[in-house]
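Here's the structure we're looking at; comments come further down.
Residue numbers (this note's numbering): 4 to 270.
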């Protein structure tokens, strides 16, 4: 994957820490190496094309440093799109989307603000294609602490939300546009979770997600609503998710008006 200007990222991270740490109580620097993650395996229910057949995804989140209310993390994720072939081949890995994320969390009161950098790229598996789309973006997220990636599986809150603002810089790095193949400029992501039913061990949530990205000449939309039923044990969940793509005109993956039934795991 193409590397984004590492010096700028390091400088930005240092500035962010330098601003936030003085406001925290004097505490030692911890190296928690705390891991969280999850995965899904899903089947499209009403696809009329071989392009949308099965989706699979895994992700791993690690808290690397902690100083009072400030912590740093790295986050890896990959999404595997499996098409359908003739001749009895149903699981056909066709496209893979890799994400590598580094960021900083600042917890205050009941809220958390996160600044993070995402590098991701999409690759074809079965054959070579020139001009692989590459994405580099800076984002900031704000929301309640219990909607944070590390706290969601164990939350008992009935309603949670978050808002992300993103910027895609088009800089040249060794003559290469770090967002080559993509005309995204900015994006806004709004997510929410509404609990419909909950006991100590079982729960049912509605989870809408709305994404709007500005391109060079148009706006791209990815709007989704999901229903998740799960079994919970401590800070771990396993369950079924039924997602409906309300509207999707993204140029790279657009399962518009499709249903996806998934088995998922969170920890």
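Ideal Cβ positions, reconstructed from N, Cα and C, are used throughout, including at glycine.
*Roughly how many angstroms separate the alpha carbons of residue 167 and residue 51, rounded to a whole number?*
Indexing the chain shown from 1 puts residue 167 at position 164. Indexing the chain shown from 1 puts residue 51 at position 48. Answer to the nearest angstrom: the Cα atoms are 33 Å apart.
_Checking 8 Å against the spacing of the C-beta atoms, do residue 262 and residue 56 come in under that value?_
Here the question's residue 262 lines up with position 259 in the chain shown. Here the question's residue 56 lines up with position 53 in the chain shown. Cβ distance not < 8 Å, so residue 262 and residue 56 don't count as in contact.
*asked:* Just to confirm, is the Cβ distance from residue 119 to residue 104 under 8 Å?
replied: As a position in the chain shown, residue 119 is number 116, starting the count at 1. As a position in the chain shown, residue 104 is number 101, starting the count at 1. Their beta carbons are under 8 Å apart, which means residue 119 touches residue 104 by this criterion.
*Which partner residues of residue 239 appear in the DSSP bridge assignment?*
What you label residue 239 is simply residue 236 of the chain shown in a count that begins at 1. Paired residue(s): 236.
*In three-state terms, what does DSSP make of residue 150?*
Position 147 of the chain shown, counted from the start, is the residue given in the question as residue 150. Helix, per DSSP.
_Where residue 258 falls, given that 16 or more other Cβ within 10 Å makes a residue buried_ = Counting from 1 along the chain shown, the entry for residue 258 is found at position 255. Looking at its Cβ environment, which holds 16 or more other Cβ atoms inside 10 Å, residue 258 is buried.
*Measure the Cβ-Cβ separation of residue 194 and residue 165 and say whether it is below 8 Å.*
Here residue 194 corresponds to residue number 191 of the chain shown, with the count starting at 1. Here residue 165 corresponds to residue number 162 of the chain shown, with the count starting at 1. Result yes, Cβ atoms of residue 194 and residue 165 sit closer than 8 Å.
*Could you have a look at residue 156 and say whether DSSP puts it in helix, strand or coil?*
Taking the chain shown and counting its residues from 1, one reaches residue 156 at position 153. DSSP places residue 156 in helix when its eight states are reduced to three.
*Who are residue 195's beta bridge partners in DSSP?*
Here the question's residue 195 lines up with position 192 in the chain shown. 164.
*With a 10 Å radius around its C-beta and 16 neighbouring C-beta atoms as the bar for buried, classify residue 150 as buried or exposed.*
Within the chain shown, numbered from 1, the residue matching residue 150 stands at position 147. By the neighbour-count rule (16 or more Cβ atoms within 10 Å), residue 150 is buried.
*Does DSSP put residue 260 in a helix, a strand or coil?*
Along the chain shown, one-based indexing puts residue 260 at 257. Looking at residue 260 - three-state DSSP - the assignment turns out to be coil, as it is neither helix nor strand.
_residue 208 burial status per 10 Å Cβ neighbour count (16 or more: buried)_ = As a working mapping, residue 208 is identified with position 205 in the chain shown. It is buried - the Cβ of residue 208 has at least 16 other Cβ atoms within 10 Å.
*Where do the ends of the beta strand (DSSP E) carrying residue 255 lie?*
Residue numbering aside, residue 255 sits at position 252 when the chain shown is read from its first letter. Premise fails: residue 255 is in no beta strand (DSSP E) and is neither H nor E.
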